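Trainee: First to last, the sequence lines map onto chains A and B. Every letter in the first sequence is one number past the one before it in the working numbering, and letter 199, counting from 1, is 199. So the working numbering is basically just the index in the second sequence, starting at one, shifted up by 303. Note that the Cβ used here is the ideal one computed from N, Cα and C, for glycine as well. In this text, all values refer to a predicted model and were calculated from it rather than measured experimentally. Handing you a structure now.
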Amino acid sequence: MGGEDASTTLEGRPGTRSPPSSRSAGSLRRFDYSRIIKNVAIGFGAAVASLGVFVSLGLVGVYDLPYALSTLNALKLGAANTLTLIGIVIPVGFSAGFTFGWGRTSHRWLTRSISTVYVEFFRSMPPLVLIAFAFLISTAVLLGIPGLADRIGDPNSFAISVSVLALAFHSGAYQAEIVRAGIQSVPTGQREAAEAIGLTKARTLVYVVLPQMFRISLPALSNEFASVIKDTSLLSAVGILDLAYMAQNLSSRLIISRGNIDNIFLVYVEIALIYFVMTFVVSRVLQEVERAFRVPGLEAAQL
Amino acid sequence: MIDREKPMVEVRKVHKSFGDLEVLRGIDMQVKKGEVLVIVGPSGSGKSTLLRCINLLIQPDSGDIFLEGVKVNDPDIRPEWVRQQIGMVFQSFNLFTHLTAIKNVMLGLTKVKRLDGLEAEKIARYELERVGLADKADAYPAQLSGGQQQRVAIARALALNPKVMLFDEPTSALDPEFIHEVLDVMTKLANEGMTMVVVSHEMGFAKSVADELIFMDNGVIVEVGVPEEVFASPKTDRMRAFIGKILG
Chain A
1 MGGEDASTTL EGRPGTRSPP SSRSAGSLRR FDYSRIIKNV AIGFGAAVAS LGVFVSLGLV
61 GVYDLPYALS TLNALKLGAA NTLTLIGIVI PVGFSAGFTF GWGRTSHRWL TRSISTVYVE
121 FFRSMPPLVL IAFAFLISTA VLLGIPGLAD RIGDPNSFAI SVSVLALAFH SGAYQAEIVR
181 AGIQSVPTGQ REAAEAIGLT KARTLVYVVL PQMFRISLPA LSNEFASVIK DTSLLSAVGI
241 LDLAYMAQNL SSRLIISRGN IDNIFLVYVE IALIYFVMTF VVSRVLQEVE RAFRVPGLEA
301 AQL
Chain B
304 MIDREKPMVE VRKVHKSFGD LEVLRGIDMQ VKKGEVLVIV GPSGSGKSTL LRCINLLIQP
364 DSGDIFLEGV KVNDPDIRPE WVRQQIGMVF QSFNLFTHLT AIKNVMLGLT KVKRLDGLEA
424 EKIARYELER VGLADKADAY PAQLSGGQQQ RVAIARALAL NPKVMLFDEP TSALDPEFIH
484 EVLDVMTKLA NEGMTMVVVS HEMGFAKSVA DELIFMDNGV IVEVGVPEEV FASPKTDRMR
544 AFIGKILG
């Protein structure tokens, strides 16, 4: 036995009724890419404006402009590496968060337990400690097992990769709780209604629970993304040449070469500006995604 | 022509417990094709559980459920297949809040019956028109009144062309001014020959529309009869006490 086919469904139906209006109900996509572009432009606008202010301050002699310019190459490399870290940590963290957050709502005892252990472990460690553990343990394992280090190739880059994953899983633990709360806030009545019209549990999840979960979770997820962008700076501790590492490096060089110590402050202002722009662009884009998927009638009242 | 002899739904010796609490204690009932059955009873008497056993949202512990003579609480039968032939309307409407009215109605058509979008939309518009909401197709649930939401929920169930409709206290969550518009739709459905099982304390609806009335208490069926007669001259003390309470 299976479902009825379409022809029996249409029995007694208005097969020859007036055609549906040209504006198909299926095309109500409210995603407006021009607004996203606008928001990215605002982000870069803010960057250019602050850069303008920054450079003019240098021109009037508030700080050492030639020194600032001499750091640009190092900061460019740092920014590129930080962007790579963000590009790894956010997707990996989100995948882990989604998987384990969903696992936390499972009716299966084992799935729930594994997910809970994951969340509690990674959430209860300072990220810097996690990164150190990941680096030390992976190095120890690599050197402890004879022949393994040769097979992997570069033991240092292996340990660094594990450290990056450790940070991603740390963020994933926070995201798991966001996802769990989102799933659980979809009323059970709606799941019951979905099953009552014959949707399987999997389809109920895909078409009823997840779309609402994402809408509910997005503000909190944006928050976590904004947070983890800056947490990537902790990875400088294992020698990744990101922005924070470059800042420390430039500072030490100033000290060693007996340069102007005031310029240490300048270096940190520079990386702060770069982190700000990265975070600002991501927040604005997510804010736009949130707006695009807002459900009319469910907006929060303005206080 | 309605064949009034053939049971559309038959429930035999159904038991259901939640933990130590036995909610259904041997229920036997049947609804013939085109018949409207109203179930009344105090809260906690097992009415909602009985409805959910009929479309297998809840699996009975023992006993059998038949749909047109086919035993459906059988491991070989997919519950999804049973449910798409039985429409259900809930007390709290349970519309999908992220979808417009018409998308709510279309979801079962596109994702269960796998019709293409255009065909599904045509049916959904027709069903919304049937419940008097053609002009609200693109409204979201939060933009509709309770009565309108419940009528969309009825359209959503009707769209799958069900053989039976189950109503679980469809007017209990409504403001008084919206109750009649939902009852009107239900009356129209009954007059069109839809087989219906309705849990409701709307006495007026029961008297004018129902063919049969069941009074449940404590997980058993206490009294069965023609609504007019049961209300006018209840045979049991429990039914008499209950009628006294709902009449205030």
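Quick check on the DSSP output: the beta strand (DSSP E) that includes residue 309 of chain B runs from which residue to which?
Mentor: Run containing residue 309 of chain B: none; DSSP gives neither H nor E here.
Trainee: Nearest CA to the CA of residue 298 of chain A: which residue from B:400, B:441 and B:410?
Mentor: Residue 298 of chain A has its Cα closest to that of B:400, out of B:400, B:441 and B:410.
Trainee: So residue 400 of chain B contacts chain A; which residues on that side make the cut at Cβ distance below 8 Å?
Mentor: Simply 190, 212, 295 and 298.
Trainee: By Cβ distance below 6 Å, which residues in the same chain neighbour residue 517 of chain B in space, the five residues on each side in sequence not counted?
Mentor: Closer than 6 Å at Cβ, skipping near neighbours: 342, 524 and 527.
Trainee: Can you list the residues of chain B that residue 279 of chain A reaches, using a CB-CB cut of under 7 Å?
Mentor: The premise fails here: residue 279 of chain A is roughly 29 Å from chain B at the closest Cβ pair, so nothing lies under 7 Å.
Trainee: With DSSP collapsed to three states, give me the class of residue 550 of chain B.
Mentor: Coil, per DSSP.
Trainee: Check the Cβ of residue 208 of chain A against every Cβ in chain B and list those closer than 9 Å, keeping chain order.
Mentor: What residue 208 of chain A touches in chain B: 399, 401, 402 and 410.
Trainee: Taking just the CA atoms, how far does residue 402 of chain B sit from residue 290 of chain A?
Mentor: Each residue's Cα considered, the two are about 16 Å apart.
Trainee: Return the residues of the segment 133 to 160 of chain A that lie within a Cβ-Cβ distance of less than 8 Å from chain B, sorted by chain order.
Mentor: Against chain B - using a Cβ distance shorter than 8 Å - the segment 133 to 160 of chain A contributes no residues.
Trainee: Could you tell me the boundaries of the alpha helix (DSSP H) in which residue 425 of chain B lies?
Mentor: Residues 420 to 433.
Trainee: Quick one: is residue 168 of chain A near chain B, going by C-beta distance under 9 Å?
Mentor: No, no contact with chain B.
Trainee: Drop a sphere of 10 angstroms on the beta-carbon of residue 182 of chain A, count the other beta-carbons inside from all chains shown, and report buried for 16 or more, exposed for fewer.
Mentor: Buried, because 16 or more other Cβ atoms sit within 10 Å of the Cβ of residue 182 of chain A.
Trainee: Does the beta-carbon of residue 501 of chain B have 16 or more other beta-carbons within 10 angstroms, so that it is buried, or is it exposed?
Mentor: Looking at its Cβ environment, which holds 16 or more other Cβ atoms inside 10 Å, residue 501 of chain B is buried.
Trainee: Return the first residue and the last residue of the alpha helix (DSSP H) that residue 137 of chain A is part of.
Mentor: Element bounds for residue 137 of chain A: 127 to 144.
Trainee: For the putative contact between residue 132 of chain A and residue 237 of chain A, defined by C-beta atoms under 8 Å, what is the C-beta separation to the nearest angstrom?
Mentor: Their Cβ separation, rounded to whole angstroms, is 7 Å, which keeps residue 132 of chain A and residue 237 of chain A in contact under 8 Å.
Trainee: So which residues of chain B does residue 193 of chain A contact, with C-beta pairs closer than 7 Å?
Mentor: Under the 7 Å cutoff, chain B gives 393 and 397.
Trainee: CB-CB under 7 Å to residue 219 of chain A, same chain, minus the five flanking residues each way: which ones, in chain order?
Mentor: Once the five neighbours on either side are set aside, the close Cβ partners of residue 219 of chain A are 290.
Trainee: Could you have a look at residue 354 of chain B and say whether DSSP puts it in helix, strand or coil?
Mentor: Looking at residue 354 of chain B - three-state DSSP - the assignment turns out to be helix.
Trainee: Within a Cβ cutoff of 6 Å, which residues of the same chain sit near residue 310 of chain B, ignoring the five residues on either side of it in sequence?
Mentor: Correct list, in chain order: 333 and 335.
Trainee: Give the DSSP bridge partners of residue 325 of chain B, in chain order.
Mentor: Paired residues: B:320.
Trainee: Starting from residue 108 of chain A, find everything on chain B with Cβ-Cβ shorter than 8 Å and list it in chain order.
Mentor: What residue 108 of chain A touches in chain B: nothing, since even the nearest Cβ is about 18 Å away.
Trainee: If we call anything under 9 Å between Cβ atoms a contact, is residue 471 of chain B one with residue 354 of chain B?
Mentor: Against a cut-off of 9 Å, the Cβ pair of residue 354 of chain B and residue 471 of chain B comes out as a contact.
Trainee: If you measure between the beta carbons of residue 389 of chain B and residue 466 of chain B, is that distance less than 9 Å?
Mentor: Contact: yes.
Trainee: Return no unless some Cβ of chain B is closer than 9 Å to the Cβ of residue 219 of chain A.
Mentor: No, no contact with chain B.
Trainee: Against residue 336 of chain B, what residues of chain A qualify as contacts under a CB-to-CB distance less than 8 Å, listed in chain order?
Mentor: Simply none; closest approach about 15 Å.
Trainee: So residue 383 of chain B is in the alpha helix (DSSP H); what residue range does that whole segment cover?
Mentor: Residue 383 of chain B -> alpha helix (DSSP H) spans 382 to 386.
Trainee: Find the residues of chain A that neighbour residue 460 of chain B, judging by a C-beta separation of less than 8 Å, and give them in chain order.
Mentor: Result: 196 and 197.
Trainee: At a Cβ threshold of 9 Å, is residue 376 of chain B touching chain A?
Mentor: Cβ-Cβ to chain A under 9 Å: no for residue 376 of chain B.
Trainee: Candidates A:293, A:270, A:288 and A:280: which alpha carbon is nearest residue 53 of chain A's?
Mentor: For the residues A:293, A:270, A:288 and A:280, the minimum Cα distance to residue 53 of chain A belongs to A:270.
Trainee: Report the rounded CA-to-CA distance for residue 537 of chain B versus residue 531 of chain B, giving the unit in angstroms.
Mentor: Looking at the two C-alpha atoms, the distance is approximately 10 Å.
Trainee: Using the DSSP secondary-structure output, state which residues sit across from residue 552 of chain B in a beta bridge.
Mentor: Within the shown structure, residues of chain B are numbered from 304 to 551, placing residue 552 of chain B beyond reach of any answer.
Trainee: Confirm, please, whether the CB-CB distance from residue 176 of chain A to residue 101 of chain A is below 9 Å.
Mentor: Yes, Cβ-Cβ distance for residue 101 of chain A and residue 176 of chain A is below 9 Å.
Trainee: Tell me the rounded alpha-carbon separation between residue 292 of chain A and residue 139 of chain A.
Mentor: Going from the Cα of residue 292 of chain A to the Cα of residue 139 of chain A covers about 46 Å.
Trainee: When DSSP labels each residue in this structure, what does residue 441 of chain B get in the three-state scheme?
Mentor: Here residue 441 of chain B sits in coil by DSSP.
Trainee: Could you please give the first and the last residue of the uninterrupted beta strand (DSSP E) stretch that includes residue 470 of chain B?
Mentor: From DSSP, the beta strand (DSSP E) with residue 470 of chain B extends over 467 to 471.
Trainee: My output table needs one value for residue 60 of chain A: the three-state DSSP class, helix, strand or coil.
Mentor: The answer is coil: DSSP assigns residue 60 of chain A none of H, G, I, E or B.
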